[in-house]
Amino acid sequence: MWFNRAKLVVLTVIVGILSVTKSYRYKTEYEDEDLFSDCPNQPESVLNLHGLANLSEITRVSHHNLVQVSGNFTLVWDIQKTDRIEATLDVFKYERREWVPTLYRIQTPHLCSILFDKNQYWYPMWIQHVTNIEEVKDKCFNVPGTKYIHETFDMHLEFENKMGNIEGQHKLQFVLKAFDQLNRMRPTSICFAMIINYVRLSQKSRK
Ligand SMILES: *[C@@H]1O[C@H](CO)[C@@H](O)[C@H](O)[C@H]1NC(C)=O
Ligand SMILES: *[C@@H]1O[C@H](CO)[C@@H](O)[C@H](O)[C@H]1NC(C)=O
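The opening residue of the sequence shown carries number 9 in this note's numbering; numbering runs sequentially from there.
In structure tokens, the structure reads:
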């Protein structure tokens, strides 16, 4: 039962529907100095975040768990504009000194069809701060050389969760795979992780 409910919650996160009466608000604190880290024990064909984009024009200032981001990144992943990108987010929780998988898994077979959708939870935390959305919208992550330009924004964010208590240290692991028009996977894929500490704020009811 709990499993079904967890899946349902994950789905509602994907489509951005809030229909449950009670939820908790969480604040995120970023644990990593480097914000993004590599996935451990991957084959050579699995690239890290730098295999997706050149981040040399991104600036990040962090102090007291607050992260402020500005600047640009430029895509470098060698795939084609017509490729389909499948994205998977897996959440691990740090328990008894190891990363334990949780039931949170969000997978979308067609990332580019929803990347710029205003209802997605990453819209307010990231896409909204991309100043050249019109230029990059149809290129998604597919066209090397595409530059995402950002206004300065705070990565400190609060969000609501209906799952009860998710407090504590978590690792969000992102995997991107590209498929050509014959549905053959491209030789390289992308994997990177982000370590986040969830701190519970007050409980809040909603209509
Ligand atoms: C990243 O971009 C910078 C500036 O555009 C360039 O000098 C640098 O060589 C690039 N790095 C890689 C690894 O391509
Ligand atoms: C980001 O790109 C814009 C447009 O190419 C450029 O004017 C700006 O200097 C870049 N920002 C950084 C931090 O490199």
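A virtual CB, placed ideally from N, CA and C, is assigned to each residue, including glycine. From a predicted model like this one, the values you see are computed outputs, not experimental measurements.
Check	Outcome
Indicate, with yes or no, if ligand 1 has a heavy atom lying under 7 angstroms from the CB of Asn-262.	Residue 262 cannot be examined here, being either before or after the span of the chain that is shown, 9 to 215.
Any chance the CB of Glu-65 is under 7 angstroms from a heavy atom of ligand 2?	yes
Could you check if Asn-56 belongs to the surroundings of ligand 1, using beta carbon to heavy atom distance under 7 angstroms?	no
In this structure, does DSSP put Met-133 in helix, strand or coil?	helix
Is the CB-CB distance between Pro-195 and Ser-53 below 8 angstroms?	yes
Quick check: what's the CA-CA separation for Lys-145 versus Arg-104?	42 angstroms
Counting Cβ pairs closer than 8 angstroms, one from the region 85-100 and one from the region 179-188, do we hit at least three?	yes
Tell me the DSSP secondary structure of Leu-123 in three-state form.	coil
Helix, strand or coil for Leu-97? Go by DSSP, reduced to three states.	strand
Could you tell me whether the region 106-120 touches the region 78-90, where touching means 3 or more Cβ pairs closer than 8 angstroms?	no
Does DSSP classify His-118 as helix, strand or coil?	coil
Do you know whose CA, among Lys-147, Pro-117, Gln-76 and Val-75, lies nearest Ile-87's CA?	Lys-147
Look at the alpha carbon of Ile-135 and the alpha carbon of Lys-101, and state the distance between them as a whole number of angstroms.	26 angstroms
Could you pull out every residue in the same chain whose Cβ sits closer than 6 angstroms to the Cβ of Glu-159, ignoring the five residues on either side in sequence?	His-137 and Thr-139
Does the beta-carbon of Lys-155, which I'm using as the reference point, lie nearer than 7 angstroms to any heavy atom of ligand 4?	The ligand content of the structure shown is limited to ligand 1 and ligand 2, which means ligand 4 is not among them.
So the alpha helix (DSSP H) Val-183 belongs to, where does it begin and stop?	Careful: Val-183 lies outside any alpha helix (DSSP H), inside the beta strand (DSSP E) at 176-187.
Is Gly-79 helix, strand or coil by DSSP?	strand
Taking 7 angstroms as the line, does the beta carbon of Asn-62 fall inside it for any heavy atom of ligand 1?	yes
Considering only residues of the same chain and omitting the five flanking positions on each side of Cys-120, which have a CB-CB separation below 8 angstroms?	Arg-92, Ile-93, Cys-148, Phe-149 and Asn-150
Name the DSSP bridge partner or partners of His-158?	Gly-79 and Val-138
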